[in-house]
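In our numbering, the protein residues as written are 1 to 318.
Idealized CB from N, CA, C, for every residue including glycine.
One structure below.
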């Protein structure tokens, strides 16, 4: 099977309304009757395929929440598997992919496009995972790869700094000040990465559907709330949800096929039509179009490829 073959099974869910208002964290026991934004609630009703993406800072127990949730729901729980898949699918050392995913962009990254290429591979592997049945992803960067996908349940897990410091002190056998510095460094690296890739601050609460603070609640409490929330009727699979994942995956397959030649190309798809935009002189559009179509000819699911060249803009500063 060609490595760019588009998959035809798509996971989906529908978006949850914020439970306690815009950006407000859920703390203490939650009344599930507040959830759903008008959906009729029947917790005995099982949902169709669903996608849950859990964002977590370092040492925030997000992994524990994800694993407990997977046990309760019988979902597949993934994180590092995405890097392993990308490494195998695109023959790239895992360490390079890991650096692209976790390290903040350097000045040289803006010119070498190495990070862009590796993130393209990771995004494609991530979307291929989502094409399977019920999925919980708790690795870094997941929210960046599902921007604009309203049916993905986006969850943020946070914890007190002092609790995070204790975890680092125990794990690394370091004093509190060094543990604090380490956490702050990792948090800032992740913030810079997210701003570089998405232009969105990962600490912006409006970026998520549900936010949990691990303090009064335990990881089990959080997993219980999420496991009940995904049973709401508004999380059932819809044709629109399937179509959106389909289009994202097809665009990702195309991007991986052309990224070596056109690392900054913008790719989207709709109804089998793929749209590729490349910054280049307008007179090169026909040549670029021919090249792109040759690179993507083996990808299943493409009805047509539309390539456009965006002219560079030069500012006269004289």
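The beta carbon of residue 66 lies closer than 6 angstroms to those of 54, 77, 136 and 138 in the same chain, with the five residues before and after it left out. Per DSSP, residue 189 is not a residue of any beta strand (DSSP E); the alpha helix (DSSP H) it occupies stretches across 176-198. Under a 10 Å Cβ-count criterion, residue 242 is classified as buried, with 16 or more other Cβ atoms of the shown protein chains found around its own Cβ. Beta-carbon to beta-carbon, residue 164 and residue 211 are separated by about 16 angstroms, too far to satisfy the 8 angstroms threshold. Pairwise C-beta distances place the region 56-63 in contact with the region 173-193, as three or more of them are shorter than 8 angstroms.
Partner residues in a beta bridge of residue 143, as assigned by DSSP, do not exist.
Secondary-structure assignment with DSSP links residue 154 through a beta bridge to 53. Between residue 273 and residue 306, the beta carbon gap of about 6 angstroms places them in contact (Cβ cut-off 8 angstroms). If the five residues before and after residue 268 are omitted, its C-beta is found closer than 7 angstroms to the C-beta atoms of 251 and 275, all from its own chain and listed in chain order. Here residue 190 is not near residue 145, since their CB atoms are 8 angstroms or more apart.
If you draw a straight line from the Cα of residue 79 to the Cα of residue 161, it is about 23 angstroms long.
When secondary structure is reduced to three states using DSSP, residue 275 falls in the strand class. In this structure, 255 is the residue among 263, 271, 255 and 83 with its C-alpha nearest to the C-alpha of residue 296. With fewer than 16 neighbouring CB atoms inside 10 Å of its own CB, residue 84 falls in the exposed class.
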